[in-house]
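Residue numbers (the working numbering): 39 to 187.
Cβ coordinates follow ideal geometry from the N, Cα and C atoms, glycine included.
All remarks here apply to the structure that follows.
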Amino acid sequence: MLVLVAALAFLGALIHVGAAADHWSEYHLYTLAFSSLAVLQVGWALLILRGASRRTLVLGCALQLGIVALWAVSRTVGVPLAPTAWTPEEIGVADLTETVGELVTVLAVLSVLFGERSNAARAVRRRMPSMLLLAILIGALFGTGAHAG
């Protein structure tokens, strides 16, 4: 299952590369931010494939949740470093797809980390491969296009 998590994290990185390219003419700092997120996600995916420790999995979950939090702030109140500060961005298909993918990766990793101690985590873990495959398919179909939809 962690191979699927790594694949979804890598797909998230590809979506962020697309967002970086889309924002180049708008605001170079966005390009830097999206590129940095992509590098971090690729790095996490590679660490998972090499046999990630519990610490690496937890740190990757924190990264994914941080990305989700930043996305939520940027869509509700806006961010301070922007062409127009504190102006919310529109929700696009690609960024919503990526956000759902990030949440699915967190849920999958937590089900692995806590599966031995929790019946609920074991139940989630049994269903997780199909959820990950669905998230990968949706991400590949809708997330790798233009960032804003």
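Each residue's CA atom was taken as its position, placing Ser156 and Ala83 some 25 Å apart.
Contact check for Val142 against Leu46 passes: the beta carbons are separated by less than 8 Å. By the CB criterion at 8 Å, Ile86 and Val144 fall outside the cutoff.
Judged by their CB atoms, Gly116 and Ala123 are nearer to each other than the 8 Å cut-off. Close CB contacts of Phe152 within its chain, under the 8 Å cut and outside five residues either way in sequence, are with Ala159 (chain order).
Straight across, the Cα-Cα distance linking Ile53 with Val147 is about 20 Å. Apart from the 5 residues on each side of it in sequence, Tyr68 sits with its Cβ closer than 6 Å to the Cβ of His61 in its chain, given in chain order.
Ala76 counts as buried, since at least 16 other C-beta atoms from the protein chains shown sit within 10 angstroms of its C-beta. Cβ contact annotation for Ser73 (same chain, cutoff 8 Å, sequence separation greater than five): His54, Val55 and Ala58, in chain order.
Runs of the alpha helix (DSSP H) spanning 4 or more residues and lying entirely within the stretch 86 to 127 occur at 92 to 114, in chain order. Judged by DSSP secondary structure, Phe48 falls within the alpha helix (DSSP H) whose first and last residues are Leu40 to Asp60. If you check the CB distance, Glu140 and Gly177 do not come in under 8 Å.
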